[in-house]
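Protein chains: 2
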Amino acid sequence: MELPKGVEWAAHALVVLHVVGDDRPLSSAGLARVFDLSPTYLNKHLQKLAAAGLVTSVPGASGGFRLARGADEISLHDVVAALGSAGPLFRCKEIRCQGAFADQKSQILAQGLCGINRAMLQAEDAWRSSLRSVSIAALASGVGAASRTRMFQVTGLEPTTQENQ
Amino acid sequence: MELPKGVEWAAHALVVLHVVGDDRPLSSAGLARVFDLSPTYLNKHLQKLAAAGLVTSVPGASGGFRLARGADEISLHDVVAALGSAGPLFRCKEIRCQGAFADQKSQILAQGLCGINRAMLQAEDAWRSSLRSVSIAALASGVGAASRTRMFQVTGLEPTTQENQ
Ligand code: FES
Ligand code: FES
């Protein structure tokens, strides 16, 4: 069981979008140059991020993608969910009601969740909560000045005055 | 991303093995009857549990499978790992060292883990720790008396004196 490979670059792409400026659209070509990714591949995933409401597609010659909301309101969990892992890691098929227990199905179900299911869901909650606690803003704060400068250079965007301070 | 379906029945099977008695081998046919599972399917997965050292295969006419160690020393995480999800959910490909950053690779790597990777690993740790905290013994303690009786009936094993107390 492994998360889709797109999670890594999608998280990085969101960090870049935040570093260059939340309100400044960046073309998928510009974004692709930062980490030398295929623009086609990148675009496919940017569409998923857009569908999940994490980025907004801005039309026009100087258009592209920008964050759809504040970088402190986008978590790593949002990224994981946008790329298709929103659903449960474990799906209980209620095997406790099968075979020797089939005739007791309604009584068993009335007792609530199976202990195994409960434990699996609890573990998954711990995973998702941990991912929810990390925002794109927090991740971007770890990007050093030299890396920021390169991100501006390669995307062709200029640092804003605020960014220069 | 979803865990293999076998996780559910493997966890249940280990609970049954503990309920009927850690030291009493149960045939895969007997075990299959409890939840009306296919003995072939069950056997394939019992082999994986055996390979992971969670159950021991006992040869002979009254042979079968029994727990390889105490039920309090087998966790839900052991089950998940035995069925193939021991590896990381997230594998960092170091895309931070690609493209515009390719010439800085050694300096970047020297700074330690990428923040995104660190956060993903931390979340995964939270998931695995939670699974590790739940033992087969703890799960079995939630099995009621009526269900225990049925497990003995359908497996053809008699409760031990200790079990009757
Ligand atoms: S019945 Fe599904 S986890 Fe127990
Ligand atoms: S470089 Fe792999 S997660 Fe950042």
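Top to bottom, those sequences are chains P and U.
With this note's numbering as the guide, the letters of the first sequence map in order to residues 1 to 165.
With this note's numbering as the guide, the letters of the second sequence map in order to residues 1001 to 1165.
Idealized CB from N, CA, C, for every residue including glycine.
From a predicted model like this one, the values you see are computed outputs, not experimental measurements.
Could you tell me which of U/VAL1019, U/ALA1050, U/LEU1121, U/SER1147 sits nearest to P/ALA100, measuring between CA atoms? In the first sequence, counting from the first residue as 1, residue 100 of chain P sits at position 100. Put simply, of U/VAL1019, U/ALA1050, U/LEU1121, U/SER1147 the residue whose alpha carbon is nearest the alpha carbon of P/ALA100 is U/SER1147.
Hey, would you say the C-beta of U/ARG1096 is under 7 Å away from at least one heavy atom of ligand 2? Here residue 1096 of chain U is taken as the residue at index 96 of the second sequence, counted from 1. Relative to ligand 2, U/ARG1096 has its C-beta within less than 7 Å of a heavy atom.
In three-state DSSP terms, what is P/ARG66? Against the first sequence, residue 66 of chain P aligns to sequence position 66. It is a strand residue.
What residues in the segment 1033-1060 of chain U bring their beta carbon closer than 9 Å to a beta carbon of chain P? So the list reads ARG1033, VAL1034, PHE1035, ASP1036, LEU1037, given in the order they occur along the chain.
Could you name the residues of the same chain whose beta carbon sits closer than 7 Å to that of U/ARG1128, not counting the 5 residues immediately before and after it, in chain order? In the second sequence, residue 1128 of chain U corresponds to position 128, counting from 1. Hits under 7 Å: HIS1077.
Using only the alpha-carbon positions, how far apart do U/ALA1145 and U/PHE1152 sit? Here residue 1145 of chain U refers to the residue found at position 145 when the second sequence is read from its first residue. Here residue 1152 of chain U refers to the residue found at position 152 when the second sequence is read from its first residue. Between U/ALA1145 and U/PHE1152, the C-alpha separation is close to 11 Å.
Could you list which residues in chain U have their beta carbon closer than 7 Å to that of P/VAL134, in chain order? Here the question's residue 134 of chain P lines up with position 134 in the first sequence. Residues of chain U passing the Cβ test: ALA1119.
State yes or no: is the beta carbon of P/SER130 nearer than 8 Å to at least one beta carbon in chain U? Looking up residue 130 of chain P in the first sequence gives position 130. Closer than 8 Å to some Cβ of chain U, the Cβ of P/SER130 qualifies, so yes.
Check the C-beta distance from U/ARG1012 over to P/ILE74 and give it rounded, since I have them as a contact under 8 Å. Numbered from its first residue, the second sequence carries residue 1012 of chain U at position 12. Numbered from its first residue, the first sequence carries residue 74 of chain P at position 74. One point to set straight first is that residue 1012 of chain U is His, not Arg, in the sequence displayed. Distance from U/HIS1012 to P/ILE74 at the Cβ level is roughly 39 Å; contact not present, criterion being Cβ atoms closer than 8 Å.
Leaving out five residues on either side along the sequence, give the residues of the same chain with a beta carbon under 7 Å from the beta carbon of P/ARG132. By one-based count along the first sequence, residue 132 of chain P stands at place 132. Result list for P/ARG132: SER75, HIS77, in chain order.
Buried or exposed (CB count within 10 angstroms, at least 16 for buried), U/GLU1064: As a working mapping, residue 1064 of chain U is identified with position 64 in the second sequence. Reading off the sequence, residue 1064 of chain U comes out as Gly, not Glu. Counting other Cβ atoms within 10 Å of its Cβ, U/GLY1064 reaches 16 or more and is therefore classed as buried.
So, is the C-beta of U/GLY1099 closer than 8 Å to a C-beta in chain P? What you label residue 1099 of chain U is simply residue 99 of the second sequence in a count that begins at 1. Closer than 8 Å to some Cβ of chain P, the Cβ of U/GLY1099 qualifies, so yes.
Buried versus exposed call for P/THR135 [16 or more other C-beta atoms within 10 Å across all chains shown]: Residue mapping note: residue 135 of chain P aligns to position 135 of the first sequence, counting from 1. What sits at residue 135 of chain P in the sequence shown is Ser, not Thr. Buried, by the Cβ-count rule.
I'd like to know if U/LYS1093 contacts chain P, where contact means its C-beta is closer than 8 Å to some C-beta of that chain. On the second sequence, residue 1093 of chain U is found 93 positions in, with the first residue counted as 1. Answer yes: the Cβ-Cβ gap between U/LYS1093 and chain P drops below 8 Å somewhere.
Which chain U residues sit within Cβ distance under 7 Å of P/LEU3? Here residue 3 of chain P is taken as the residue at index 3 of the first sequence, counted from 1. Contact of P/LEU3 with chain U by beta-carbon distance below 7 Å involves MET1001, LEU1089, PHE1090.
What would DSSP say about U/VAL1058, mapped onto helix, strand or coil? Counted from its first residue, the second sequence places residue 1058 of chain U at position 58. Note: U/VAL1058 maps to strand in three-state DSSP.
Taking CB distances under 8 Å as the criterion, tell me whether P/LEU113 reaches chain U. For this step, residue 113 of chain P is matched to residue 113 along the first sequence. It does not; no Cβ of chain U falls within 8 Å.
With a threshold of 7 Å (Cβ to nearest heavy atom), would P/GLU8 be considered close to ligand 2? One-based indexing of the first sequence puts residue 8 of chain P at position 8. Yes, Cβ of P/GLU8 sits closer than 7 Å to a heavy atom of ligand 2.
For ligand 2, I want to know if P/ILE74 counts as a neighbour, meaning its beta carbon is within less than 7 Å of at least one of the ligand's heavy atoms. Within the first sequence, the letter at position 74 stands for residue 74 of chain P. Relative to ligand 2, even the nearest heavy atom lies 7 Å or more away from the CB of P/ILE74.
Have a look at U/LEU1042 and U/LEU1113 and give me their C-alpha separation to the nearest angstrom. The sequence position of residue 1042 of chain U within the second sequence is 42, counting from 1. The sequence position of residue 1113 of chain U within the second sequence is 113, counting from 1. Looking at the two C-alpha atoms, the distance is approximately 41 Å.
Inter-stretch contact (C-beta, 8 Å, three-pair minimum) for the segment 1009-1023 of chain U and the segment 48-66 of chain P: Result no; under three Cβ-Cβ pairs closer than 8 Å.
Just the Cα atoms here: how many angstroms apart are P/ALA204 and U/LEU1017? Absent from the model: residue 204 of chain P. The displayed extent of chain P is 1 to 165, so no value can be given.
So, helix, strand or coil for P/ASN164, using DSSP? If you number the first sequence from 1, residue 164 of chain P lands on position 164. With a pLDDT of 42 at P/ASN164, under the threshold of 50, the modelled position of that residue is not reliable, and the figure given next carries that caveat. Helix at P/ASN164.
Can you list, in chain order, the residues of its chain with a C-beta nearer than 7 Å to that of P/LEU3? Leave out the 5 residues immediately preceding and following it. Along the first sequence, read from residue 1 onward, the residue named residue 3 of chain P stands at position 3. Within the same chain, Cβ atoms closer than 7 Å to the Cβ of P/LEU3 are found at VAL80, SER85, the five residues on either side in sequence being excluded.
What is the DSSP secondary structure of P/LEU42, counted as helix, strand or coil? As a first step, residue 42 of chain P must be located in the first sequence, where it is residue number 42. Looking at P/LEU42 - three-state DSSP - the assignment turns out to be helix.
Grab me the residues of P/LEU26's own chain with a C-beta within less than 8 Å of its C-beta, minus the 5 sequence neighbours each way, in chain order. Along the first sequence, read from residue 1 onward, the residue named residue 26 of chain P stands at position 26. Within its own chain, the residues whose Cβ lies closer than 8 Å to the Cβ of P/LEU26, once the five positions on either side in sequence are excluded, are VAL16, LEU17, VAL20, GLY64, PHE65, ARG66, THR155, LEU157, listed in chain order.
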